[in-house]
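Below: the structure, in structure tokens.
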Amino acid sequence: MSMPPAIEYLEVGASLGEAVLCLKGAELDAALNRIVRDVFRDANVAFRRGKPEEQGTADHVHFVVAPETYYALSGKKGRINEADIAKLNLLASLTAQLFSTRARLDQEQQASTQEQWQQTQIIEHIHESVITMDLAGFIISWNRGAQKLFGYTAEEVIGKNILFLYEEQDSDGELLYDSFLEHGGREMEVRRKKKSGEVFWASLNLSPLCDASGMAIGIIGYLSDITARKDAEQKINHLAYYDALTNLPNRSLFRQLVDNALLQSQRNSSSAAIIFIDLNRFKLINDTLGHDIGNELLRQVAARFQLTLRENDIVARLGSDEFAIALLDINQHFQASMVVQKLLHALNDAFMVAGHELRVGASIGISVFPQDGSEANALLQKADIAMYKAKRGAGNASGSFMFYSDSMNQSMAGRLYLESSMRKALENHEFYLQYQPKVDIKSGKIIGAEALVRWQRPDKGLISPAEFIPVAEETGLILQIDAWVLDTACAQARQWQDNGVMPFRIAVNVSAREFTNNLPVRVKEALQRHQISPEWLELEITESMLMHSAESVIAIMEQITAQGVVLALDDFGTGYSSLSYLKRFPIKTLKIDRSFIQGIPADKNDCAIAGAIILMAKQLNHKVIAEGVETRKQLDFLIRADCDEVQGYLYSRPVSAEQLLVLLNKGFLFKD
Numbered sequence: 048m049s050m051p052p053a054i055e056y057l058e059v060g061a062s063l064g065e066a067v068l069c070l071k072g073a074e075l076d077a078a079l080n081r082i083v084r085d086v087f088r089d090a091n092v093a094f095r096r097g098k099p100e101e102q103g104t105a106d107h108v109h110f111v112v113a114p115e116t117y118y119a120l121s122g123k124k125g126r127i128n129e130a131d132i133a134k135l136n137l138l139a140s141l142t143a144q145l146f147s148t149r150a151r152l153d154q155e156q157q158a159s160t161q162e163q164w165q166q167t168q169i170i171e172h173i174h175e176s177v178i179t180m181d182l183a184g185f186i187i188s189w190n191r192g193a194q195k196l197f198g199y200t201a202e203e204v205i206g207k208n209i210l211f212l213y214e215e216q217d218s219d220g221e222l223l224y225d226s227f228l229e230h231g232g233r234e235m236e237v238r239r240k241k242k243s244g245e246v247f248w249a250s251l252n253l254s255p256l257c258d259a260s261g262m263a264i265g266i267i268g269y270l271s272d273i274t275a276r277k278d279a280e281q282k283i284n285h286l287a288y289y290d291a292l293t294n295l296p297n298r299s300l301f302r303q304l305v306d307n308a309l310l311q312s313q314r315n316s317s318s319a320a321i322i323f324i325d326l327n328r329f330k331l332i333n334d335t336l337g338h339d340i341g342n343e344l345l346r347q348v349a350a351r352f353q354l355t356l357r358e359n360d361i362v363a364r365l366g367s368d369e370f371a372i373a374l375l376d377i378n379q380h381f382q383a384s385m386v387v388q389k390l391l392h393a394l395n396d397a398f399m400v401a402g403h404e405l406r407v408g409a410s411i412g413i414s415v416f417p418q419d420g421s422e423a424n425a426l427l428q429k430a431d432i433a434m435y436k437a438k439r440g441a442g443n444a445s446g447s448f449m450f451y452s453d454s455m456n457q458s459m460a461g462r463l464y465l466e467s468s469m470r471k472a473l474e475n476h477e478f479y480l481q482y483q484p485k486v487d488i489k490s491g492k493i494i495g496a497e498a499l500v501r502w503q504r505p506d507k508g509l510i511s512p513a514e515f516i517p518v519a520e521e522t523g524l525i526l527q528i529d530a531w532v533l534d535t536a537c538a539q540a541r542q543w544q545d546n547g548v549m550p551f552r553i554a555v556n557v558s559a560r561e562f563t564n565n566l567p568v569r570v571k572e573a574l575q576r577h578q579i580s581p582e583w584l585e586l587e588i589t590e591s592m593l594m595h596s597a598e599s600v601i602a603i604m605e606q607i608t609a610q611g612v613v614l615a616l617d618d619f620g621t622g623y624s625s626l627s628y629l630k631r632f633p634i635k636t637l638k639i640d641r642s643f644i645q646g647i648p649a650d651k652n653d654c655a656i657a658g659a660i661i662l663m664a665k666q667l668n669h670k671v672i673a674e675g676v677e678t679r680k681q682l683d684f685l686i687r688a689d690c691d692e693v694q695g696y697l698y699s700r701p702v703s704a705e706q707l708l709v710l711l712n713k714g715f716l717f718k719d
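Counting in our numbering, the sequence shown runs from 48 upward without gaps.
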């Protein structure tokens with residue numbers, strides 16, 4: 048038998064390949080038998096499974112294809128020709144190769160299936176949400192993490208477009224078609240919507256899903272819930288930019304908001320104003336009634352300010368009792384003036400806090416954009432300068448306001464220079480004390496002295512207390528100065544005591560800032576530190592300290608007097624204290640202010656006031672001392688009015704400790 052044409056082998060090979068690679072079991076056996084019989088039309092031939100029953104003979108041969116499979120050929124007339132054997136051998140060889148290929152492919156498919164199954168298991172057990180979708184955004188796969196995160200099962204979402212999970216305000220759908228498909232993964236923070244309707248923040252990482260050739264055929268999305276982190280970030284951001292007490296913007300956010308608004312004002316060629324507010328009397332309330340009441344007062348003040356302003360105005364708390372307001376898009380200066388007057392009016396009614404009826408005023412400075420500055424920092428600084436000018440020139444406690452001017456800047460520069468110089472003066476011991484004698488009006492003998500602080504600058508000479516004391520009170524340096532005066536006066540008393548001088552009262556002035564619950568402790572420590580008797584010390588306080596929280600003030604006073612230290616009420620008649628409270632205060636002496644002494648005896652009103660104070664003091668069992676006595680006529684009036692003590696240039700100017708010792712030794716100072 049001659050060999051078949053090449054085309055016949057190609058057709059046989061194709062048939063064998065299709066059968067071996069595509070069929071299994073009985074279908075495969077039937078197909079192979081059909082193919083082999085078509086090849087051997089005049090011979091007995093078959094595909095069989097199992098082991099051959101006999102060895103090859105002249106009329107029977109077999110060719111093994113694979114273990115337990117073979118082709119068997121039997122001759123019809125007892126013999127098999129060589130051509131049939133060669134043909135069957137070729138057929139068996141080709142089938143064996145196909146079986147080997149099929150086995151390899153089955154093994155690879157099994158390994159691939161196993162790997163795919165493992166990957167599926169891994170993805171299913173990942174806590175993170177993993178979603179795959181095609182390039183149009185239709186969901187292909189949905190793992191358990193996604194089901195747990197969104198609340199949908201895979202059956203509910205596969206085949207749907209991913210857009211149904213978006214929060215309505217999100218507009219990042221176009222990201223699916225963004226350049227990440229060409230350039231790799233992309234990470235972002237997005238909002239998504241759960242089955243329940245809850246909107247949450249998620250961290251989304253997108254990567255391309257590619258085929259074997261590297262062509263992008265879809266997208267893989269990895270999502271994790273970051274709502275807790277975003278909430279924490281929001282809280283941190285709120286703490287960084289908002290005042291925790293009033294919930295108003297703080298200084299940092301105020302500057303940012305104002306700078307952004309000023310850019311718009313500049314484009315519109317409109318004006319704006321910055322208002323700097325400092326509350327009057329707040330520190331006294333806060334120190335005497337406590338921080339809790341002070342904080343509630345600040346909250347109520349902030350609420351009144353907000354009710355007074357327009358919606359587009361910006362109000363902030365800068366710290367302590369300082370507020371700032373930005374008036375945007377105003378046309379004239381008078382508009383800022385009108386708003387400021389409304390703010391002051393809003394403070395007129397008393398604030399009710401924990402049963403206390405409290406009143407505060409405000410000192411207000413105003414700067415205007417663009418002439419006073421083009422950005423928030425400069426405008427705030429100049430409004431602050433104007434506020435200090437308003438505070439120092441205030442004619443009433445309810446409040447006042449001033450617009451910034453260049454002359455204020457020069458004045459403030461001098462004030463800042465003075466403040467800096469005072470700090471250095473404390474370090475360089477430039478302060479010293481002088482003592483002005485207090486004289487018994489009947490005997491003319493020294494019975495005490497007032498300690499008065501003086502400042503000798505190496506470069507400027509003597510600085511008036513009227514110049515530096517107000518600045519010290521505004522900046523808080525008065526606390527350090529007061530502490531130094533108390534300690535220095537006690538040290539001087541110890542020195543006099545060591546020189547054999549009998550105790551007499553050294554009067555030390557106490558500022559409102561220092562009159563707190565810690566004052567009795569500081570007095571006790573000073574007496575113990577210098578080992579002197581409390582008979583050496585007298586504290587002078589002003590009427591304004593008595594106006595708020597009388598019970599707290601009385602408690603502080605009683606702790607001081609319990610130590611044997613005497614209290615005197617300074618500048619009496621210039622304040623607004625309640626006489627009903629005055630009788631309850633443990634005060635030994637009333638000190639008539641010099642303003643009522645200067646006009647005596649010519650000014651009948653001054654005579655009437657001084658006489659009334661002396662009479663009232665006597666009825667309250669208080670001693671009376673008149674300060675600023677400079678003439679014999681003033682002294683004669685005070686003698687007739689039954690005043691107890693006097694202090695003034697008629698007897699002596701303030702002198703050094705050594706000079707006072709000389710005067711003490713003389714025993715009588717008045718000169719006819």
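The C-beta atom is built at its ideal place from N, Cα and C for all residues, glycine as well.
Keep in mind the model is a prediction, meaning the values are calculated, not measured.
Looking at the secondary structure, which residues open and close the alpha helix (DSSP H) in which residue i lies?
i, result
"Pro581", "From DSSP, Pro581 is part of no alpha helix (DSSP H); its letter is neither H nor E."
"Cys257", "Note, Cys257: premise wrong, no alpha helix (DSSP H); beta strand (DSSP E) at Val246 to Cys257."
"Val709", "Ala704 to Lys713"
"Arg314", "Arg298 to Asn315"
In angstroms, rounded to a whole number, what distance separates the CA positions of residue i and residue j?
i, j, result
"Arg88", "Leu120", "12 Å"
"Gly446", "Leu356", "18 Å"
"Ile413", "Pro701", "42 Å"
"Glu65", "Ala93", "18 Å"
"Ala363", "Phe643", "44 Å"
"Gln382", "Gln281", "36 Å"
"Ala688", "Met663", "12 Å"
"Cys69", "Pro99", "26 Å"
"Phe478", "Glu520", "16 Å"
"Phe667", "Lys630", "Phe is not the amino acid found at residue 667; the sequence shown has Leu there. In a straight line, the C-alpha of Leu667 is about 7 Å away from that of Lys630."
"Leu473", "Ile528", "8 Å"
"Ile660", "Val486", "19 Å"
"Phe684", "Asp650", "12 Å"
"Phe448", "Arg439", "11 Å"
"Phe153", "Gly97", "As written in the sequence, residue 153 is Asp, which differs from the Phe given in the question. The straight-line gap from Cα to Cα measures roughly 21 Å."
"Ala61", "Glu129", "25 Å"
"Arg328", "Thr293", "19 Å"
To which residues of the same chain is residue i closer than 6 Å at the C-beta, ignoring the five residues directly before and after it?
i, result
"Phe323", "Ala371, Gly412, Ala430, Asp431 and Met434"
"Glu497", "Gln483 and Ala554"
"Thr274", "Phe247 and Trp248"
"Pro550", "Ser580, Glu582 and Trp583"
"Ala78", "Ala66 and Leu70"
"Leu270", "Ser176, Ala249 and Leu251"
Pull the bridge partners of residue i from the DSSP assignment, please.
i, result
"Thr116", "Arg96 and Ala113"
"Phe323", "Ala371 and Gly412"
"Glu422", "Partner(s): none; Glu422 has no beta bridge."
"Phe448", "Ile411"
"Thr535", "BP columns for Thr535 are empty, so no partner."
"Thr200", "Its beta-bridge partners do not exist; DSSP assigns none."
Excluding the 5 residues preceding and the 5 following residue i in the sequence, name in chain order all residues of the same chain whose CB lies nearer than 7 Å to its CB.
i, result
"Leu614", "Leu586, Ile588, Met604, Ile607, Thr608, Pro633, Ile634 and Lys635"
"Ala113", "Ala143 and Phe146"
"Thr535", "Leu480"
"Phe110", "Tyr117, Tyr118, Leu135, Asn136 and Ala139"
"Leu426", "Ile321, Ser414, Phe416, Asp419 and Gly420"
"Lys680", "Pro648"
Are the C-beta of residue i and some C-beta of chain D separated by less than 8 Å?
i, result
"Lys277", "Reference to chain D is not applicable here, since this structure consists of a single protein chain."
Thinking residue i and residue j are a contact (beta carbons under 8 Å), I'd like their distance in whole angstroms, please.
i, j, result
"Arg569", "Val518", "Wrong, their Cβ atoms sit about 23 Å apart, outside the cutoff."
"Ala349", "Leu391", "No, Ala349 and Leu391 are not in contact; Cβ-Cβ is about 15 Å, not under 8 Å."
"Leu253", "Ala319", "The pair is not a contact, with the Cβ atoms about 45 Å apart (cut-off 8 Å)."
For residue i, I'd like the list of residues in its chain whose CB is within less than 8 Å of its CB, leaving aside the five on either flank, ordered along the chain.
i, result
"Leu710", "Pro484, Ile493, Ser699, Val702 and Leu716"
"Gln347", "Phe398 and Val400"
"Glu705", "none"
"Met262", "none"
May I ask which residues mark the beginning and end of the beta strand (DSSP E) holding residue i?
i, result
"Ala673", "Lys670 to Glu674"
"Arg688", "It should be pointed out that residue 688 corresponds to Ala in this sequence rather than to Arg. Segment: none, Ala688 is in no beta strand (DSSP E) and carries neither H nor E."
"Val177", "Ser176 to Asp181"
"Ala363", "Ile361 to Gly366"
"His403", "His403 to Leu405"
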